[in-house]
Every structure is written in structure tokens, then in C-alpha cells.
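Visitor:
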Amino acid sequence: MFFGYNFCRSRTLSTGLSSIVAILGLLPVWISRILVKNSVGKSWCPAAVEALCSHVLRYHTVQNMLYMAMTEFEKLSEVPDWSFMREKKSQMAFLFGVDDHWGPLDLYEEISNKVPGAVLAVEKENFTHAFSCTEAGSLWVAKHVSGLIKNYFSKIDSE
4 MFFGYNFCRS
14 RTLSTGLSSI
24 VAILGLLPVW
34 ISRILVKNSV
44 GKSWCPAAVE
54 ALCSHVLRYH
64 TVQNMLYMAM
74 TEFEKLSEVP
84 DWSFMREKKS
94 QMAFLFGVDD
104 HWGPLDLYEE
114 ISNKVPGAVL
124 AVEKENFTHA
134 FSCTEAGSLW
144 VAKHVSGLIK
154 NYFSKIDSE
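Numbered according to the numbering used here, the sequence shown terminates at residue 162, and the numbering increases by one at each position without gaps.
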């Protein structure tokens, strides 16, 4: 985590990476597609590969992603606002993965102890944090979230 945070904070490194990615984005799409499929997208569905090649391989997109990662590193190191979470627990749901460093199971335990009644779930089908890059992961999370929404509205209707 320390390496990633420092990488994101460095203007030189983030500009360098964004520039390299932007150059890759200038290649013909079929070349970008081959490079992505054979590197980061080996297990990705065709739609995710296409989205990366057509929308993400841009300088400003990568800059925004690195900024978001940097702010996530900062926010995740802060103590959560437990009183806010207790107050808004009916409007939140938390999904954790068995092996997800962004949503570790010790945070699941901490939330369950400090926010009684919070909606918590652990995905056990071994999808990575990048679940949206696979069709199976996308479908699983979509079904899970739609179930949460249905439950939320059925509670409102019954009140």
C-alpha cells in the first residue's frame, strides 16, 4: 500500500504513467486490444477489454484514476466516522471479498461490532476487487445489489 500511495502522490511518476498509457491509446485499437488481453486483461471479459481500450487509455482518465487511488489511500487510513455509519446504516451496505485488500475481513468484523445491524456480506466466490472486469463477477455483484435494493424497498413498503 505504501508504494502505491507514494506512486500516486508523485507528479513525475503519475505524469509518466499517464503519458505512457496515452501513447498506448494512440495505437490502433486492435493492437491495444492484443496488449490488454495479454497483460492485465487475461481473465477479463471482452466488454471489459473493449472498455479499457476505448475509454481508459487516455491521459486525463489515468490521471483521474491515480488521483482517486491517492485519495482512497488517504481516506482508508483514517478512522471511520462510526456515529455517521450508525446513523445512516439503513442507507448503506458493505460487501467484502475473502481476499480483497481494499475491503479486508478485519474491517468487516470491526463494522459488525461498531455498527450493529449494518448490512454486511462476504462474497465467497473468489472474485477479485476488479469484479467488474469479468462477466461472472459483474453478474454476481449486480444480483447482490439488486437484492439489496429490493429488500430496502420492501422494508419501506411494509412500514
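All C-beta atoms, glycine included, are put in the ideal place defined by N, C-alpha and C.
Quick one: what's got a C-beta closer than 8 Å to L151's C-beta in the same chain, skipping five residues either side?
Guide: The residues are A96 and V122.
Visitor: Within its chain, find whatever has a CB closer than 6 Å to the CB of L16; leave out the 5 residues flanking it on each side and keep chain order.
Guide: Within the same chain, L16 has close Cβ partners F10.
Visitor: By DSSP's criteria, G28 is part of a beta bridge. Which residues make up the other side?
Guide: Bridge partners of G28: none, in fact.
Visitor: In the DSSP assignment, find the unbroken alpha helix (DSSP H) run with E81 in it and report its ends.
Guide: Segment: none, E81 is in no alpha helix (DSSP H) and carries neither H nor E.
Visitor: Count the C-beta pairs between the region 21-40 and the region 103-117 that are closer than 8 Å, then say yes if the count reaches three, no if not.
Guide: These segments do not touch.
Visitor: Report all residues from its chain with a CB closer than 7 Å to the CB of H132; omit the five preceding and five following residues, and keep chain order.
Guide: Closer than 7 Å at the Cβ level, and outside the excluded window around H132, lie G100, D103 and W105.
Visitor: Residues bridged to F99 by DSSP?
Guide: BP columns for F99 point to V125.
Visitor: Below 7 Å between beta carbons: does that hold for C136 and A50?
Guide: In this structure, A50 does not lie closer than 7 Å to C136 by Cβ.
Visitor: State buried or exposed for W85, treating a residue as buried only when at least 16 other CB atoms are found within 10 Å of its CB.
Guide: Label assigned to W85: exposed.
Visitor: Three or more beta-carbon pairs under 8 Å between the region 35-47 and the region 55-67, yes or no?
Guide: Contact between the region 35-47 and the region 55-67 is present, because at least three Cβ pairs lie under 8 Å.
Visitor: V144 and F134: beta carbons closer than 7 Å?
Guide: The answer is yes: Cβ separation under 7 Å.
Visitor: Cα-Cα, which of M71, Y70 and W47 is closest to E138?
Guide: Of the candidates M71, Y70 and W47, the one whose C-alpha sits nearest the C-alpha of E138 is W47.
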